[in-house]
Every structure is written in structure tokens, then in C-alpha cells.
Amino acid sequence: MKHLFLSICLIGIVSINFLFSDEEEADATDSKNSSIINNSSFESGDGNQALGWTFAHNQPAVRSDSDSHTGKYSAYINLKNDGEKPSESHIIKSIDGKFLDGFSYELSFFVKQKRSGTGGYIQQYFIEWFNEEKQAREGTGFKDFSSKIGEWDKIIVPDIKIPESARSVKLLFRFVTAAVSGGRGEVFIDDINLRSDNSPQSILSHINLKVDQAQFKSAIELIDVFLKKYPDDLSKQKMLNLKSRLIKFQNLENLND
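Going by the working numbering, the sequence shown opens with residue 699, and the numbers climb by one from there.
Encoded structure:
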């Protein structure tokens with residue numbers, strides 16, 4: 699009985715991938731461009747401070763209108779060692795929210811070095827995910843990145859996996875010199891975005907995967923996400939029907955336990 703019902707569920711979802719016209723595929727591509735980072739280009743703020751961002755450490759960044767990739771502002775880092783004392787600057791963004799389990803994210807940002815770094819100067823990013831109890835789940839560790847001198851350079855970090863039950867993420871950029879005399883680093887950073895592919899096709903694909911794996915609770919949660927995000931999609935009724943079948947199947951399983 700269980701196997702029969704599961705087969706019906708799977709048959710119902712197999713046809714999902716064939717519901718999109720070329721126009722809808724274009725819409726799906728557009729939806730991928732939505733970023734979960736607010737004030738990604740530092741346009742909102744008060745003086746040297748950018749709304750929603752933390753500038754920290756012994757030589758913190760400032761919000762600057764002297765150069766930008768888009769808009770009027772960017773974040774400006776100007777490190778200069780005092781003797782052999784190292785210089786360091788952190789740019790931090792924390793984002794709360796229920797992230798979609800199993801989805802991949804892409805980090806992108808633009809960097810422009812004003813001069814070559816000296817004295818062991820390095821640039822790094824760091825991403826760390828937290829659960830509902832604010833406990834760290836997974837992180838990338840500090841990853842170095844390089845950039846061009848005198849022109850804006852786009853940095854892309856693809857295929858960032860979200861751990862299960864992630865509820866917040868911390869994004870940190872680190873600019874630092876070594877403990878040597880003459881250490882310097884001067885750079886602008888702008889248009890920092892963290893995106894997931896939450897297009898209709900991507901969500902439907904993940905629903906299909908969760909059903910294949912018999913993870914019906916997760917499949918129902920994703921159906922709710924789909925219905926909320928795309929209430930006018932052609933797949934709406936099929937998703938409502940599938941959700942109803944999955945709920946019945948869950949109830950049947952509970953009765954047989």
C-alpha cells in the first residue's frame with residue numbers, strides 16, 4: 699500500500715519539469731538574480747558608516763564616495779602599518795532567515811585595488827552558517843582572493859552549500875598586513891551579493907528530489923515556498939494536488955507506525 703501510494707506521488711511530480719515555456723525559463727533566470735544581502739552597494743548609511751554593515755578591527759573600512767562600481771558609494775579600506783604593527787580591517791554582514799536546505803548559493807563582489815599591497819598584504823573572505831540556537835554549523839574558513847590594480851574586478855565564489863537547518867549566515871571580508879615595516883593595502887569593495895537559484899524550475903527540481911528520497915516533510919515545506927513565491931505559476935494546481943497526496947501519505951505512515 700505504501701509503495702503504491704509513493705509511486706502515485708512520484709508519477710505526479712515527474713511531469714513538473716515539462717511545464718515551462720521559453721518565456722518562463724527566462725523569468726526563472728531573472729529570479730536567480732535576487733540577492734539576500736540588503737544595501738549590497740553601501741548606498742544607504744550615515745557618513746562613514748553603511749547601514750546593515752559592520753566595519754571593524756584596528757583600521758576599519760569607511761563608506762566612501764571617492765570611487766564605486768555602481769551607485770555613488772563603496773567601502774574603502776586603507777591599511778598602513780605603524781612601524782611593524784600589523785594593520786587589519788573587517789567588513790561584516792549577518793543575515794537571519796530560514797534558508798532553503800540543499801540549495802546552493804553564489805557569492806559575488808567587485809574589488810578595485812588602488813595600489814599593490816606590500817608587507818604581506820592579503821585579502822580574504824569567510825562564510826559561516828548558524829542554526830536556530832546560533833551555533834556555528836559549517837564555514838568556508840578564510841579564503842584568499844586576488845584583484846586587479848586600478849580597475850574593478852569581479853570575484854565569484856560558486857556552489858556554496860547550505861547545511862541543513864541553517865537559520866543565519868555571517869559573511870566577513872578580511873584585509874590584513876603582516877607585522878613588518880612598510881606594510882600597506884588600499885582597496886575598494888562594492889556590490890556584494892549572495893544569491894541562490896530559487897527559480898521555479900530549481901524549486902520544483904528540489905521538490906522532486908525530496909520526494910525521490912521520501913523526505914515528504916521537506917517536500918511539503920518546499921511546496922509551500924513555491925506557492926508563496928510563485929502564486930500565479932502554471933504549476934500551482936499540480937503542487938496543491940501533490941501536497942494533498944503527500945499529507946495523506948504521511949498520515950497513512952503514522953497510522954501504520
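Glycine residues also receive a C-beta, built at the ideal position from the N, C-alpha and C atoms.
What does DSSP give as the partner residue(s) for residue i in the beta ladder?
i	result
K868	S792 and E826
V885	I775 and Q811
T816	R882
N891	S806
R761	A773
E786	V874
I847	Q811
D744	Q747
Could you check the C-alpha separation between residue i and residue j for me, to the nearest Å?
i	j	result
I820	K927	41 Å
N746	V760	5 Å
I887	L938	44 Å
Q811	E804	23 Å
W850	H767	7 Å
I714	L940	Since pLDDT at I714 reaches only 42, below the 50 mark, its modelled position is unreliable, and no value is offered.
I905	S792	28 Å
L932	E919	19 Å
G837	Q948	34 Å
S742	L902	35 Å
D910	S916	11 Å
D930	E786	49 Å
Q935	A864	30 Å
W751	A876	25 Å
D744	G769	16 Å
S772	V855	20 Å
I860	F740	26 Å
S762	G839	28 Å
D794	S764	31 Å
F843	S942	48 Å
L950	L907	21 Å
On the DSSP letters alone, give me the boundaries of the alpha helix (DSSP H) that residue i sits inside.
i	result
P898	P898 to D910
F914	F914 to K927
List the endpoints of the continuous beta strand (DSSP E) containing residue i.
i	result
K859	D851 to K859
T752	T752 to A754
K834	For the record, residue 834 in the displayed sequence is Ala; it is not Lys. Start and end: A834 to G837.
Is residue j closer than 8 Å to residue i when the C-beta atoms are compared?
i	j	result
N779	G881	yes
R872	S733	no
H788	A834	no
S845	V809	yes
I825	L869	yes
F866	F828	Here residue 866 is Ser; the residue named in the question, Phe, does not match the sequence. Going by C-beta atoms, S866 is nearer than 8 Å to F828.
A748	N756	no
I735	N896	no
Considering only C-alpha positions, which residue in the set the options is nearest to residue i?
i	options	result
P898	P784, Y771, F924 and K791	F924
E782	A773, S900 and T816	T816
K679	A877, H904 and S806	Outside the shown range of the chain (699 to 955) lies residue 679, about which nothing can therefore be said.
Y774	Q948, D889, G839 and L950	D889
A912	E830, E786, I945 and Q833	I945
S814	V867, V885 and D922	V885
V878	P758, P784 and G769	P784
F797	E831, F914, E862 and K841	E862
K841	K832, E830, I858 and E831	I858
For residue i, decide whether its Cβ has a neighbour in chain C, counting only Cβ atoms nearer than 8 Å.
i	result
D888	In the structure shown, chain C cannot be found, because there is only a single protein chain.
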